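Working notes, beginning with the structure itself.
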Amino acid sequence: PADPSEEEKGAESNNNSTHVEEDEDGPHFEPIVPLPDKVDVKTGEEEEEEMFCNRAKLFRFDAETKEWKERGIGLVKILKHNTSGKVRLLMRREQVLKVCVNHYIMPDMLLKTNAGSDKSWVWNAVNYADEEPRPEQLAIRFKTKVEALLFKTKFEEAQKIDALDGAAVELFEDLGTNAKSFQSSEGNRPCRALFTTVLVCLDPDSLLVM
1 PADPSEEEKG AESNNNSTHV EEDEDGPHFE PIVPLPDKVD VKTGEEEEEE
51 MFCNRAKLFR FDAETKEWKE RGIGLVKILK HNTSGKVRLL MRREQVLKVC
101 VNHYIMPDML LKTNAGSDKS WVWNAVNYAD EEPRPEQLAI RFKTKVEALL
151 FKTKFEEAQK IDALDGAAVE LFEDLGTNAK SFQSSEGNRP CRALFTTVLV
201 CLDPDSLLVM
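In case it helps, UniProt numbering puts the sequence shown at residues 1 to 210.
Okay, here's the thing in structure tokens:
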């Protein structure tokens, strides 16, 4: 007769071999939908230098209700384009990242204190945040006085950059026009133009021709 202990050992051996086979031949899952490749998201700020960035709350004045309405909370940025030199103000709402203000900073814009607060400024601009650009009275509020003063400093710095660039372009255009109109005494053949070096001072009203 067979030894019961030997039969038990044989059964255990068979169970072990079966377990190993299940591990080796177990199910293998493949993703039903292939994972997409990593996509780089373009923000439109890749060619711009960041002059200012800070968290703030933005408002716009509703002319119909005569009330200030909140536009959003997020990071407000002053960005200078590396090629054109143009400077714009950009702000996106937190989390959703929807643009709530987007406009160029122009020399004729005036920052004024909002209701006497040292943390808030008011100004007028043509806002391009929505599908249709529209003139708006905007207000921005910072957490501290220091942040608000730094914003004003950089805003006015951007205004000077735009004013200087505009004045320089106008002067070079005038020089080009004068060079074309300059003619030699021999017939109507234009002479070789001697271009003038222009030094633009920090004062936008002053241009020194050398």
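The C-beta atom is built at its ideal place from N, Cα and C for all residues, glycine as well.
In this text the structure is predicted, and so the values were computed from the model without any measurement.
Exercise for the section: Just the C-alpha distance for Arg134 and Tyr128, rounded to the nearest angstrom, thanks. Expected result: Position 134 of the sequence shown holds residue 134. Position 128 of the sequence shown holds residue 128. About 7 Å.
Handout entry: Proximity of Leu79 and Arg55 at Cβ, strictly below 8 Å
Key = Against the sequence shown, residue 79 aligns to sequence position 79. Against the sequence shown, residue 55 aligns to sequence position 55. No, Cβ-Cβ distance for Leu79 and Arg55 is not below 8 Å.
Exercise for the section: Check whether the Cβ atoms of Ile105 and Arg93 sit closer than 8 Å, and answer yes or no. Expected result: Along the sequence shown, read from residue 1 onward, the residue named residue 105 stands at position 105. Along the sequence shown, read from residue 1 onward, the residue named residue 93 stands at position 93. Cβ distance not < 8 Å, so Ile105 and Arg93 don't count as in contact.
Handout entry: Arg71 vs Phe61 beta-carbon contact at 8 Å
Key = For the purposes of this step, residue 71 is taken as the residue at position 71 of the sequence shown. For the purposes of this step, residue 61 is taken as the residue at position 61 of the sequence shown. No, they are not a contact pair.
Exercise for the section: Taking the CB atoms as reference points, tell me whether Met51 and Ala158 lie closer together than 8 Å. Expected result: For the purposes of this step, residue 51 is taken as the residue at position 51 of the sequence shown. For the purposes of this step, residue 158 is taken as the residue at position 158 of the sequence shown. Yes, these two residues count as a Cβ contact at 8 Å.
Problem - Cys100 - partner residues in DSSP beta bridges - result: Indexing the sequence shown from 1 puts residue 100 at position 100. Looking at the DSSP assignment, Cys100 forms no beta bridge with any residue, so it has no partner.
Practice task
Compute the distance between the beta-carbons of Asp118 and Ala148, then report whether it is under 8 Å.
Solution key: Here residue 118 refers to the residue found at position 118 of the sequence shown. Here residue 148 refers to the residue found at position 148 of the sequence shown. A contact, by the Cβ cut-off of 8 Å.
Handout entry: Cβ-Cβ distance between Glu47 and Asn102 below 8 Å
Key = Mapped onto the sequence shown, residue 47 falls at position 47. Mapped onto the sequence shown, residue 102 falls at position 102. Not closer than 8 Å, so no.
Practice task
Give the C-beta separation of Lys77 and Leu90 to the nearest angstrom, bearing in mind that I take them to be a contact with Cβ-Cβ under 8 Å.
Solution key: Stepping through the sequence shown from its first residue, residue 77 is reached at position 77. Stepping through the sequence shown from its first residue, residue 90 is reached at position 90. Right, their Cβ atoms sit about 5 Å apart.
Problem - Whole beta strand (DSSP E) elements within the UniProt domain "RanBD1" (28-160), 3-residue minimum - result: The UniProt domain "RanBD1" (28-160) contains, as complete beta strand (DSSP E) runs of 3+ residues, the segments 48-62, 67-81, 87-93, 99-104, 120-127, 134-141 (chain order).
Problem - Through-space distance from Trp123 to Arg141, alpha-carbon basis - result: Translated into positions along the sequence shown, residue 141 becomes position 141. Translated into positions along the sequence shown, residue 123 becomes position 123. Straight-line measurement puts the Cα of Trp123 at about 12 Å from the Cα of Arg141.
Problem - Rounded C-alpha distance that separates Glu156 from Glu45 - result: For this step, residue 156 is matched to residue 156 along the sequence shown. For this step, residue 45 is matched to residue 45 along the sequence shown. Computed Cα separation, rounded: 21 Å.
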